[in-house]
Structure formats: structure tokens, C-alpha cells
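Counted from 1, the sequence shown has number 110 at position 108 by this note's numbering; the numbering is strictly sequential. The structure appears right after this line, and notes come after that.
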Amino acid sequence: MSLSSTSTIKHQLTNALGPKAPLYFNVLKEYLSGHISRTEYDEQVKTHLDSIHLVQLHNTLIVSLFDTSAQLAPPTPPPDVPKPPPRKRRRTLPYQGPDVSDEGTLRSERLKKWTVGLGRRERERIRALEAVALNEPVVPKPYTDEIAAERGVVLLDERGGPPGTRPPLHLASMTRAPTLQHISERINLISAQHNLGAAPKEAKLKQLITQALSLTSTSHAITSIRATEPHSHSYVLPASSFDSLFTVSPAVLPNKSAAAMRLAIGDNEPAEEDVVLKNKDLQDKRWQLFALLGERTVLLFLCFYCYDILCILAHTVLTQISDVYIFKQVHTGLNIYSCTYVGLHALSLGHEATKPSVPALGLRPAIVIDSFLRRPPVVHLTRAITHLQFLGSCCTIQQSRCRMTSTQPFVLKWGIISTGRIAMEFVKDLLVDPKTSSLWALAASRVRKNSSAHTPPNETGIKAYGTYNEVYADPDVNAVYIGTPHTLHYENALAALEAGKHVLCEKATTSNAAELKALLKLAKEKKLFFMEALWTRFHPLTLELKRIAEEGTLGDPVVMHADLSADFHIESLPLNHRMLDPKLGGGALLDLGPYPLFWAMLALYEHPSNKNARPSSIVGSIVKTPITGVDANTSFTLNFTEHLQAQAILSCSMQVPSPSFGATIRYKNGTIIVKPPIFRSPAFTVQYYDKPGGDVVREETKSFSYVGGGWHYEADEVARCIRDGKLESDLWGHEKSIIMMEVFDEVRRQGKYYLPEGVEKVDRVQ
Ligand SMILES: NC(=O)C1=CN([C@@H]2O[C@H](COP(=O)(O)OP(=O)(O)OC[C@H]3O[C@@H](n4cnc5c(N)ncnc54)[C@H](OP(=O)(O)O)[C@@H]3O)[C@@H](O)[C@H]2O)C=CC1
Ligand SMILES: O=C1OC[C@@H](O)[C@H](O)[C@H]1O
Numbered sequence: 003m004s005l006s007s008t009s010t011i012k013h014q015l016t017n018a019l020g021p022k023a024p025l026y027f028n029v030l031k032e033y034l035s036g037h038i039s040r041t042e043y044d045e046q047v048k049t050h051l052d053s054i055h056l057v058q059l060h061n062t063l064i065v066s067l068f069d070t071s072a073q074l075a076p077p078t079p080p081p082d083v084p085k086p087p088p089r090k091r092r093r094t095l096p097y098q099g100p101d102v103s104d105e106g107t108l109r110s111e112r113l114k115k116w117t118v119g120l121g122r123r124e125r126e127r128i129r130a131l132e133a134v135a136l137n138e139p140v141v142p143k144p145y146t147d148e149i150a151a152e153r154g155v156v157l158l159d160e161r162g163g164p165p166g167t168r169p170p171l172h173l174a175s176m177t178r179a180p181t182l183q184h185i186s187e188r189i190n191l192i193s194a195q196h197n198l199g200a201a202p203k204e205a206k207l208k209q210l211i212t213q214a215l216s217l218t219s220t221s222h223a224i225t226s227i228r229a230t231e232p233h234s235h236s237y238v239l240p241a242s243s244f245d246s247l248f249t250v251s252p253a254v255l256p257n258k259s260a261a262a263m264r265l266a267i268g269d270n271e272p273a274e275e276d277v278v279l280k281n282k283d284l285q286d287k288r289w290q291l292f293a294l295l296g297e298r299t300v301l302l303f304l305c306f307y308c309y310d311i312l313c314i315l316a317h318t319v320l321t322q323i324s325d326v327y328i329f330k331q332v333h334t335g336l337n338i339y340s341c342t343y344v345g346l347h348a349l350s351l352g353h354e355a356t357k358p359s360v361p362a363l364g365l366r367p368a369i370v371i372d373s374f375l376r377r378p379p380v381v382h383l384t385r386a387i388t389h390l391q392f393l394g395s396c397c398t399i400q401q402s403r404c405r406m407t408s409t410q411p412f413v414l415k416w417g418i419i420s421t422g423r424i425a426m427e428f429v430k431d432l433l434v435d436p437k438t439s440s441l442w443a444l445a446a447s448r449v450r451k452n453s454s455a456h457t458p459p460n461e462t463g464i465k466a467y468g469t470y471n472e473v474y475a476d477p478d479v480n481a482v483y484i485g486t487p488h489t490l491h492y493e494n495a496l497a498a499l500e501a502g503k504h505v506l507c508e509k510a511t512t513s514n515a516a517e518l519k520a521l522l523k524l525a526k527e528k529k530l531f532f533m534e535a536l537w538t539r540f541h542p543l544t545l546e547l548k549r550i551a552e553e554g555t556l557g558d559p560v561v562m563h564a565d566l567s568a569d570f571h572i573e574s575l576p577l578n579h580r581m582l583d584p585k586l587g588g589g590a591l592l593d594l595g596p597y598p599l600f601w602a603m604l605a606l607y608e609h610p611s612n613k614n615a616r617p618s619s620i621v622g623s624i625v626k627t628p629i630t631g632v633d634a635n636t637s638f639t640l641n642f643t644e645h646l647q648a649q650a651i652l653s654c655s656m657q658v659p660s661p662s663f664g665a666t667i668r669y670k671n672g673t674i675i676v677k678p679p680i681f682r683s684p685a686f687t688v689q690y691y692d693k694p695g696g697d698v699v700r701e702e703t704k705s706f707s708y709v710g711g712g713w714h715y716e717a718d719e720v721a722r723c724i725r726d727g728k729l730e731s732d733l734w735g736h737e738k739s740i741i742m743m744e745v746f747d748e749v750r751r752q753g754k755y756y757l758p759e760g761v762e763k764v765d766r767v768q
């Protein structure tokens, strides 16, 4: 059926209704735009339909509206299930007189059939998906989360059944993702079907998806999430809002939604409340959800109204992040708005006090689709979009929200040592969200020698100093970032620590392990935070890769290869360039080597089966450049044999670009391939075997993009750790940096690459 058929019926109905027509269409508009509920709609529309003829015309109009979808090609991407046989076209419209099966009620069978809202193809698709899910043994995950167990988290029932027993639909297992073309067609269709006016443009959708995805960066990056537009006031709900929201009866929704929204984001939002969790809160299901959501990489989509959009977004998101949970009112016992706010609040709080795991709450990393398949399609695209926009706008997340006991945003004032290349990249990323980190002072050693500690902040509010000592001496500086060449790290970090500053120090942390150990000893004595700036460890890609690598399916790691190389054109570099000058720790190993070694540390050392055992052997080989004698090409292998039988084969060169593979980690049951450049990889692919050493039966690629350059993740980690009084990061702690330096020492020793006398300030590798 075409849209003109619908207009014919509309025309007939208008004539038949006479003066009541505007009222009738107004009610329809209200319904389709979601302002009134289905029940309200039925009640109101009935008052205008005072003859059988009118009722039949009305029913035909409704059918024709829904029928539009049957005639246009379904753009929703088909799943990987056998295609249904071609079906006959329905011959319903244009209106052909009274339908004998219509009993003159608004609930005629034919109408009911249509108002279920899903086409047969769609229903079959869903049914097939359910079958897939049901075939899977549903094994509720054991109650293993230690924090949850310790705190005696109460499991939520899922629709009256035990948690974890409700089979989810594995949208994730679908291999074909929708294209923008699909999305746009579907949106046009839905919009046309429901008189929603102009459909949003692809760009708009893209923007929404991007916006939504930015929510999912990971809780580790919470402080980096930005709203698309600046907001003058907080959009995060105070805890008390929940009391009202939770008491809003689902029966009055969605028509009261606007009120609920206003309640939530109200223009006159009172001052932010101090949210302190008490013990009893920890037993509260709502807070458990906060905790759950705050802990995990979660995107909450509550597109009750628009199944297609939900699937599209879920698809998109599933390719980007680890878990997507779509909470349904029936599933959580919360209404749709409460769910939204729970999610937002959780994201904003980054609640770390309780960490009930997903299985502990009986939720599974899959999309749970249930009763809404039986709901009439109050398909309301604009509402779905409003939700997403709302989600986006609620994401002005301030660091204060990550700390339940503080009402003040935590701001870390950074002092930057050096104005070199990487220091400036780091600075740019600090400015990605100035609310969370404040760039306080910046020093160059070789320019602006005349400036003094009393230099007033310039128009950017950043003090510019002419010596590093002035930064160390500035009482307002909390943490110092060191971005000088490797061999200067020790003296710079030492000075910063002695001045009482926390330190984030570029890789390679020092010239040798002895220097690093001396720094760490001092940091501990002074109760100061110290971290190697191994930014890659904090990237969402790395967190996700680690999750997949360690969840068990792949088994233990066996062999990994990693290389980072770059052609520095050393023949044309000045001899005092940091890559060539042995006094600055020049060469490939200390500059590029940290990254292949990092991947070995992540994949092998950090693997739970390795039980934190250090490498049992290190073998290195170095090719030096005749230009200055620093290493030009270096390879090294590490064995991890105490608990694993694993080997890392690592290499770096400053004479050629990286190879195409980046890093490859081979496990007993699969392989992970990390795309280069491995310091900020854009994607990784996981290949699963049918049996150990067997064929690849499934392959999944996960792609990531970064806000800014990707250094703010490590900056956020530093801020969080310092805020929480930690002396080292849980993700990249001291022990790992020491192992890294010991590996470099050993490789240099074996390759006979000795730094000039006096360069190493503590001991000397020889
Ligand atoms: N995390 C990452 O992605 C990256 C990290 N790095 C690390 O950052 C550090 C710096 O690298 P990069 O920024 O590329 O180097 P640059 O040469 O660009 O910058 C180093 C800066 O250190 C300062 N400096 C102080 N003393 C000296 C000296 N004697 N000789 C040279 N420079 C001196 C200078 O700044 P000023 O004059 O202002 O004092 C100089 O600009 C290295 O340890 C490297 O491993 C490098 C690249 C990427
Ligand atoms: O840390 C680094 O990552 C990127 C490389 O280009 C750079 O040389 C290195 O220091």
C-alpha cells in the first residue's frame, strides 16, 4: 500500500466525520506522538465514532497506517537464519467497504492483529532468535563476585523466576550489522508510518549514536565523558528524585513522562545533594543497580517505543563495547524512566562502594527483550531520540559524582615538565575536559628562562615557568607529568617527589630498574602516588581486550608476537636527538620497546593463570646503529613458564615502519589480533576455534575511537587514584613498571648496549 492510499482513507474519514474531523485527528496525533496512552486514545477516539461506518473507516485507516510497513522493503537487516518463503501481499487497501469480520468495535480481530505492531517477518525473526537463545543451556552464573558475596547482595528475581534463568536474546551473535542505509530507511519508514514528519537525517542518527556511544567509554573514563553542549547546571539527579520516580506508577506512563522528565532535570534544580551510601543502601536493589551500572561499561537503552532503533543501536554498540543491558520494566521491576535515571545516576556516580557483579544481580550480558514484543507499537521515534539526547545531555559528569562522599568536584592541578612533543599532546588531552583536571603550570627548561614563580596565570589560566624547579616549588601543583627524554626521568621525578608532588612519568620510566626502585621507595616513604605513563593500559580497547582474553573461552595464552617500529630516518637526525643520543637513552628499545613489552605484560603476565609470576627467562638481541651506537633494531623473547607454558616474541626497530599485524596473542582456543599502532590501537579481532588448535569458527572485531589523543585516560586514572589516596594504580602498578625496566636492563646487558658513564644515576647496567 502506498501513502496515497492512506490519504484516500483519511479523506473519506474526514468527510464522514464532518466537523468532528479535526478533533478526531488531533486525538490520533496525540496518540502517535506519544502524548496519550493507548487506553486514553481508545477512549477519546470512541467519542467521535458514533456509527459503524465511522468505526470501520477508522479501523481501516489504522490498518492502512500500519500496513505501510508491510509494503515497503524491510530495511532491518535480516539475521542469519533461513529466509522465510516469499509471502503474499495483503490486499486490504484502499478501503473496500465494510469488513464483515469487523464487529464494529475498536478491538476487531484484524485491528488487533495489526496493532501488535510487528510484521510477520519481524515476528519470525524474533522467534528464530528466541529459539537460538533457548537452545542454549541457561546456567545461572554462580555467585562468585567476591564483593557481592561479602556484602550479601540480594539477587533480583527475574519475572518471578530465579535470576539468570531468563533466556536473553543474543543480538550479539548476529553477524550482520545494519548499515546507515538500513537505519535511514527504517527511520523514514517509521516516521512515515506514524506521521512523525521529517525523519531525522543520517547525520543526526550518527550523531546520536556517537553521543550514546560516548556514554559507554567505560567507567574508567567516566571523568572524560562530555556533554555535547555545555550546561549551566547539573543534570544529575539528587538521590531524593528517585523516591518520586520510583513511585511513579507505570500505569500512568508514558503520558506523564514529560512531568517525570521535568522532575528529573527541572529548571530549578536544587543544589546537589551529598550522596553517602549507608550500609542499608547496599541492600537496596536500586543502589545495587547503580553499583552494577556504575561498575560496568554499560549503555542503557530504553527504547520501549521503537524496537528497530533499539536493535540498531544495540548492534552498533555491541560492536563497540563489552556489554549492553537493556532493562525492561518487567525485568527489573522498575519503570522505564526509573531505569533511565538509574543508569544515568549510576554512570555519574561511578559508584565504587559496592560492586555486585552482573551475574550477582541475575542480569546477563545480552539484550533482554520480552514483553514489549507484545505491546502495541507506540512507535515514537522522536521519543526514542529524546531519550538518547537526554542521555547525552545528562552526561556532564563531574568527578565529584565519582566520589560518593564529596560534594566538590575533585580537581587535580597538573604541573608539566617539558614542552616537548608528547608533553604537549598530554596537555591537549588534559584540556579535553577541564573540569576534571586542571592544567596549572607548565615549564620549559630551555625557553623563557626569565620567567619567575610569580608569573601570573596567562589568559589560559596556566602558569608558564622557565625552569622545572619552579613547577616543583609551586604549592598549587598537585601532580607532575614528566615528559623529558628517558634518562632525565629519574632526576625530574626525584625532584618532584622531594617537593611533595605526585608523579606521572613517561615511559621508559627510568634509565634502569635501580633508578626506578629508588624512586618508588621515596614515593612510598612520602606517601605520594607514582605511575609510569603507560597510557595504552587505560584505553577502552585494552580494558575490553583483557576482559575477553580472561573470561575463559580462549583458554590460556600460549604464544604472542608484538612489534612496534617506526622509521625515524636516523641518518638525517641530529646526533643529539633523543632517539640517537646515548646520553638520552636513545635507540628503539627504551622508546618503542615498552609497547610490545606492555602487550606481553597484559596478555601473559596479567593473565590470571600466570598468577603474577615474573618472566622465567629473557633473551635479547640488539643491532646497533653505527651512527651513535644506540640500538636500531632489537628483539627479545620472554618465557612465562612458572604457571603457563607461554612465550612472548617482541621486537622494535627505529629504521622501518611497524609490520601490519601489530600484536597477535594466540590462546589455546583462539587468537586475538591487535591492529597497529599498538600504542593506540583502533581495533582488535578475536578468532574463536571450534576446538583447541582447530578451525576458526567465529570471528569478532571490536573497533574503538578516542576523544582527544587518548592520553586523558591515564590522566583520569591518576586523578582517581590520588583522589582515593592510592599510591599506585591497580591497573598499572609499580611491580609491572619494575619488571619492564628489568627486562630492558637484561636485553641491554645481553645486547651490550651500555649507556655512557654518569647517565644512570643509580647503579649501572653493564
Ligand atoms: N606516551 C607516548 O605516547 C609517548 C611517550 N614519549 C616519551 O616521552 C618522552 C619525551 O619524548 P618526546 O616528547 O617525543 O621528546 P621531545 O624531544 O619532543 O621532547 C623532550 C623535551 O624534553 C625537554 N628536555 C629537557 N632536557 C632535554 C635535553 N637535554 N635534551 C632534549 N630535551 C630535553 C625539552 O623540553 P623543554 O625545552 O621544554 O624543557 C624537550 O622538548 C620520552 O621519554 C618518550 O619515551 C614519547 C612519545 C610518545
Ligand atoms: O611512546 C611512543 O609512542 C609513539 C612513538 O611514535 C614514540 O616514538 C614513542 O615514544
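Beta carbons: idealized from backbone N, C-alpha and C, even for Gly.
In terms of residues, what are the limits of the beta strand (DSSP E) holding residue i?
i: Tyr690; result: 685-691
i: Gln649; result: 648-655
i: Lys763; result: No beta strand (DSSP E) contains Lys763, which DSSP labels as neither H nor E.
i: Asp633; result: 633-642
i: Val676; result: 672-676
i: Ser705; result: 698-705
i: Trp416; result: 414-419
i: Val505; result: 504-507
i: Ser567; result: 559-567
i: Gly622; result: 619-626
i: Arg682; result: Taken as a continuous stretch (DSSP letters only), Arg682 belongs to no beta strand (DSSP E), as it is neither H nor E.
i: Lys465; result: 465-467
i: Tyr708; result: Counting along the chain, Tyr708 falls outside any beta strand (DSSP E), and DSSP gives it neither H nor E.
i: Thr49; result: Unbroken run through Thr49: none, as it is neither H nor E.
Give me the Cβ distance between residue i and residue j, rounded to the nearest whole Å; I'm assuming they're in contact under 8 Å.
i: Leu496; j: Leu524; result: 7 Å
i: Cys654; j: Gly595; result: 5 Å
i: Thr666; j: His541; result: Going by Cβ atoms, the distance from Thr666 to His541 rounds to 18 Å, so no, they are not a contact pair.
i: Ile674; j: Phe663; result: Rounded, the Cβ-Cβ distance is 11 Å, inconsistent with contact.
i: Phe428; j: Gly468; result: About 20 Å separates the two Cβ atoms, so there is no contact after all.
i: Ile620; j: Val745; result: 6 Å
i: Leu414; j: Val658; result: With a Cβ gap of about 39 Å, Leu414 and Val658 do not count as contacting.
i: Gly711; j: Lys430; result: 6 Å
Which residue comes first and which comes last in the alpha helix (DSSP H) that contains residue i?
i: Pro596; result: 596-602
i: Asn471; result: 470-475
i: Gly753; result: 736-753
i: Ile550; result: 542-552
i: Lys526; result: 515-527
i: Leu499; result: 488-500
i: Leu432; result: 423-432
i: Tyr715; result: 714-725
Nearest CA to the CA of residue i: which residue from the options?
i: Arg616; options: Asn641, Ser623, Lys626; result: Asn641
i: Leu729; options: Pro559, Ser655, Ala481; result: Ala481
i: Asp565; options: Lys548, Phe600, Ser731, Lys704; result: Phe600
i: Gly753; options: His491, Ser637, Arg580; result: Ser637
i: Arg580; options: Ala551, Ala634, Val505, Leu15; result: Ala634
i: Lys613; options: Lys693, Gln647, Pro584; result: Gln647
i: Val761; options: His504, Pro487, Leu543, Thr703; result: Pro487
i: Ile629; options: Pro576, His645, Lys670; result: Pro576
i: Gln14; options: Asp44, Glu45, Leu63; result: Leu63
i: His609; options: Asp692, Tyr669, Ala443; result: Tyr669
i: Lys519; options: Tyr755, Leu606, Met742; result: Met742
i: His714; options: Pro694, Ala605, Arg682; result: Arg682
- Would you call the region 532-552 and the region 619-627 touching, i.e. three or more CB-CB distances under 8 Å? The count of Cβ pairs closer than 8 Å, one atom from the region 532-552 and one from the region 619-627, stays below three, leaving the stretches out of contact.
- Are the region 716-734 and the region 581-592 touching by the rule of at least three beta carbon pairs closer than 8 Å? No, the region 716-734 is not in contact with the region 581-592.
- Query: Quick one: any contact between the region 49-63 and the region 18-32, if contact means 3 or more CB pairs under 8 Å?
  - Reply: At 8 Å Cβ cutoff, the stretches touch.
- Do the region 677-694 and the region 542-556 make contact, defined as three or more Cβ pairs closer than 8 Å? Yes, since at least three Cβ pairs between the region 677-694 and the region 542-556 fall closer than 8 Å, the two stretches touch.
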